[in-house]
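Protein chains: 2
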Amino acid sequence: MDHEQTSSGSSDVVPTSSARHARITDVAKLAGVSMKTVSRVVNGEAGVLPGTRDRVLAAVAELGFVPDSRARSLKRGGTDTIGILIDAISDPFFAALVSVVEELALERGLSVLFASTGYDGRREREQLARLTGDRLRGLILAPVDVTTPELTALRRRFPVVCVDRAREGIDSVVVDDFGATVQAVRAFVAHGHRRIAFIGEHTPYPTVATRLEGYRAALDEAGITFDQSLVVEQGRHREERSLTELLRRPDAPTAVFSATSPATIAVINTISAEHLRMPALISFGDFEFADVFTPGITCVDQDPRLIGQATFRRLLDLVDDAAAEPEHVVVPTHLITRGSGELAPDDDLPAPIGALR
Amino acid sequence: MDHEQTSSGSSDVVPTSSARHARITDVAKLAGVSMKTVSRVVNGEAGVLPGTRDRVLAAVAELGFVPDSRARSLKRGGTDTIGILIDAISDPFFAALVSVVEELALERGLSVLFASTGYDGRREREQLARLTGDRLRGLILAPVDVTTPELTALRRRFPVVCVDRAREGIDSVVVDDFGATVQAVRAFVAHGHRRIAFIGEHTPYPTVATRLEGYRAALDEAGITFDQSLVVEQGRHREERSLTELLRRPDAPTAVFSATSPATIAVINTISAEHLRMPALISFGDFEFADVFTPGITCVDQDPRLIGQATFRRLLDLVDDAAAEPEHVVVPTHLITRGSGELAPDDDLPAPIGALR
DNA sequence: CACAGCCTTGACAACGTTGTCGAAGGCGCG
DNA sequence: CGCGCCTTCGACAACGTTGTCAAGGCTGTG
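Written as structure tokens, this is what we have:
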């Protein structure tokens, strides 16, 4: 039997997506069995004679039959899709997170429905509404504006795990913002720094605020008085005048703690553009080019792979036990020392980072 | 009527995802209408009395009813989901691509099913098989190993658009690899360079090969003899010994064309680590830190946003007209001059890029 | 006042699949 | 040789939704 040129009676020149997909009944008819038997073969159930199975498989191949996952999941009462809702995939942190989650999902035969909020609460709600209709197996999300009650309502439909930002009463996987920052500032102190700046980013999330708290706590611990003028929180797209001013003033900080990767980039840009001397620098969040510079940029590593694994694992746990008590997982961080964080206050480093002349 | 505290009779302590979702019949019963009327209200169809509509909406709100998109799409015979299958989301190019596509999809009420191949043909086929079962509205993919016949078969099920890499007979959106490379090399020649290196990456895709062809063509055009020793194609994770050797030799190239972003990073790393003098450098593919260096890295910009828009538009065209002849869209590129590409052969640039001391 | 026509609503089937149950046939054993 | 069991298979209903069609009430007009 030729399996090319399925003659369907019509004389289409090019069979471009006009012919409906083969259904299970088509396969059944061709193989001379019932749909149920086809179903059995396709799903690898036992109790089908080898001969029958072969005939069915031949028919499946000939017609190019692929079971309709919608009908399947509708009947079975469970989807094979998990959703992931994040700020933006252009953020390398989330890119890595999605990457890990998709990988793990694939291992378990799950599909990943991707959605992003663009840091926008309205869009977040839109996306959540859409995702709800999709009857997911579970949802991973980095919450923006969505409140605990809303998430609790969602939680009744399918397991939900928050990532990067926690919500009371909902499972979450976050990083130890406070502790990691304390650790970084302690390192500065240990190297003799006293004027330590905090460069943040104005976000609607508490992560940066928590890091700021850690910064203050570590200063307290070292007996250093908190100085508001050493703190710069820049807007997402705001100009960096205050940052420049801070780094150029006579008593410029000898050490800079940068609370996010974008902030770090801004710092490096500023130092480079203004030909300033290099302060000690630690960045919260690793980034691709951190080791291209000399010295490399010391980073607090919030390993997205680790976070992704923990998040996915927790989601699966919840799939198995929907009534489990909410758990808040804190993924440990560690300092990747590359040089920039280990500079002493009096290190003379006239050449600006990234400069050529 | 209170819409808090839905008294359902049972005395669950925590209603964690145990209660089944409200179905359209539940809403109908509560509102005292037929399911069809609920369907009409939910879908915004005309011909429902305001009073009836209000009662239905109240019932919908009380039960937290969200229509099941699987049943809906099954009945309607069309999904609201498009698939996107790419190499890896950790590649910033694809991250940006997915970002744009998702944005455009959202505007049209479409969901995005995300999948990646990890540059692996086996995994690609696995993913394609899964996606097929999902009865997509359309699929965007960066083909790895999949052949034209396979894609043609897929094409019968739903529209398919290839991105970044073309396949004969299938719609595609690519970048002008050849032309852009010619343009870059011409710029080098115009600045007086004669020893121009080509740093590629060993990929299974023809993109790099096409760029190499452009490189050779531009050399020919300028009357420069092709020199194989100036071409380095490094493996994905291979050591960069040959690159180092090339850049360190006495007659090192005065200009370097780097065919991919990773290759560019390798070049910069090498220059930085080996404290070499800075050659003129043009990178195929922009990257985040390109303007942090001094001078900034001149790049051939293959704008993922543009590519994403073109791809999505083409996909929608195909959704409307499934029988359309395959089209091959070539998205124009342009050179972003930042300094590194405009260096002359005799420019003395002793300080290595990214160096501090 | 009768009848046509519109507006609103509902009963029913169907989308493609799988779970349930029962039927038919073969085989072993008494 | 007959009975019962196991194996293999099929008919049917159902998952939750929407499209089709028709019923019923109401209005307008001759």
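For the record, the sequence lines run as chains A and B.
FYI, our numbering numbers position 117 of the first sequence as 123, with every residue one higher than the one before it.
FYI, our numbering numbers position 267 of the second sequence as 273, with every residue one higher than the one before it.
Beta carbons are placed, not taken as given, at the ideal position from N, Cα and C, and that holds for glycine.
- Secondary structure at F194 of chain B, three-state DSSP: helix, strand or coil? helix
- Message: Suppose contacts are defined by Cβ-Cβ distances below 8 Å. Is L134 of chain B in contact with T87 of chain B by that definition?
- Response: no
- Message: Taking 8 Å as the threshold (beta carbon to beta carbon), is L287 of chain A in contact with chain B?
- Response: With 8 Å as the cut-off, L287 of chain A does not count as an interface residue toward chain B.
- Select from the stretch 267–278 of chain B all residues with a C-beta closer than 8 Å to any C-beta belonging to chain A, and list them in chain order. I271, I274, N275 and S278
- From the DSSP output, in three-state form, read off A286 of chain A for me. strand
- Cα-Cα, which of A:T85, A:R162, A:L36 and A:Y125 is closest to I92 of chain A? A:Y125
- Task: Using three-state DSSP, classify S117 of chain A as helix, strand or coil.
- Result: strand
- Query: Which two residues bound the contiguous alpha helix (DSSP H) that contains D226 of chain A?
  - Reply: P212 to A228
- Just the C-alpha distance for R129 of chain B and T123 of chain B, rounded to the nearest angstrom, thanks. 5 Å
- Shorter than 8 Å from the beta carbon of A361 of chain A to some beta carbon of chain B? Any reading at A361 of chain A must be qualified, since the residue scores a pLDDT of 40, below 50, and its modelled position is unreliable; no value is offered.
- Of the residues that make up the stretch 297–311 of chain B, which ones have a beta carbon closer than 7 Å to any beta carbon in chain A? V298, F299, T300 and P301
- Message: What would DSSP say about V325 of chain A, mapped onto helix, strand or coil?
- Response: helix
- Given that T138 of chain B touches chain A, what residues does it touch there, using C-beta distances under 7 Å? V72
- Would you report the Cα separation of P358 of chain A and D352 of chain A, rounded to the nearest angstrom? In this prediction, P358 of chain A scores a pLDDT of 42, lower than 50, which makes its location untrustworthy; the coordinate-derived value is nonetheless stated afterwards. Separation of P358 of chain A and D352 of chain A (C-alpha to C-alpha, rounded to the nearest whole angstrom) is 16 Å.
- Message: Between A:A350, A:T266, A:V191 and A:E207, which has its C-alpha nearest G229 of chain A's C-alpha?
- Response: It is A:V191.
- Item | Within-8 Å CB hit, S264 of chain B to chain A | At a cut-off of 8 Å between beta-carbon atoms, S264 of chain B makes no contact with chain A.
- Query: How do the stretch 252–263 of chain B and the stretch 294–304 of chain B stand: do at least 3 beta-carbon pairs fall below 8 Å, yes or no?
  - Reply: no
- Message: Could you give the first and the last residue of the continuous alpha helix (DSSP H) run that contains I271 of chain B?
- Response: S267 to E280
- Item | Contacts of V237 of chain A in chain B (Cβ-Cβ under 9 Å) | Ordered by position in chain B, no residue passes the 9 Å Cβ test against V237 of chain A, which lies about 24 Å from the chain.
- Backbone CA spacing between D32 of chain B and C305 of chain A [nearest angstrom]: 54 Å
- Grouping DSSP H, G and I as helix and E and B as strand, with all else coil, what is E207 of chain B? strand
- Message: I'd like the list of long-range same chain contacts for R85 of chain B, defined as Cβ closer than 8 Å, with 5 residues on each side in sequence excluded.
- Response: According to the sequence provided, residue 85 of chain B is Thr. The question's Arg does not apply to it. So the qualifying residues of the chain are S79, D140, R141, L142 and R143.
- Query: At a Cβ threshold of 8 Å, is H340 of chain B touching chain A?
  - Reply: no
- Message: Using 8 Å as the threshold, is the C-beta distance between F204 of chain B and Y221 of chain B below it?
- Response: yes
- Task: Kindly list, in the order they appear in chain B, the residues whose Cβ is closer than 9 Å to that of A102 of chain A.
- Result: I95 and S96
- Message: Is S122 of chain A close to chain B? Criterion is C-beta to C-beta, closer than 8 Å.
- Response: Yes, because at least one Cβ of chain B sits closer than 8 Å to the Cβ of S122 of chain A.
- Query: Quick one: which chain B residues come within Cβ less than 9 Å of R59 of chain A?
  - Reply: Those within 9 Å of R59 of chain A in chain B number zero; the least Cβ separation is about 19 Å.
- What is the DSSP secondary structure of D177 of chain B, counted as helix, strand or coil? strand
- Task: Could you spell out where the beta strand (DSSP E) holding E239 of chain B opens and where it closes?
- Result: V237 to Q240
- Please list, in chain order, all residues of the same chain as E333 of chain A whose beta carbon is under 7 Å from its beta carbon, the five residues on each side excluded. The residues are D177 and R320.
- Message: If contacts are defined as beta-carbon pairs under 8 Å, then A3 of chain A and I95 of chain B qualify, I think. What distance do you get, rounded to the angstrom?
- Response: The structure shown does not extend to residue 3 of chain A, since chain A spans only 7 to 363, so no value can be given for it.
- State the Cα-Cα distance for the pair V20 of chain A and H340 of chain B, rounded to the nearest angstrom. Residue confidence for V20 of chain A is low, a pLDDT of 37 falling below 50, so the modelled location carries little weight; the figure read from the coordinates is stated next. Each residue's alpha carbon lies about 37 Å from the other.
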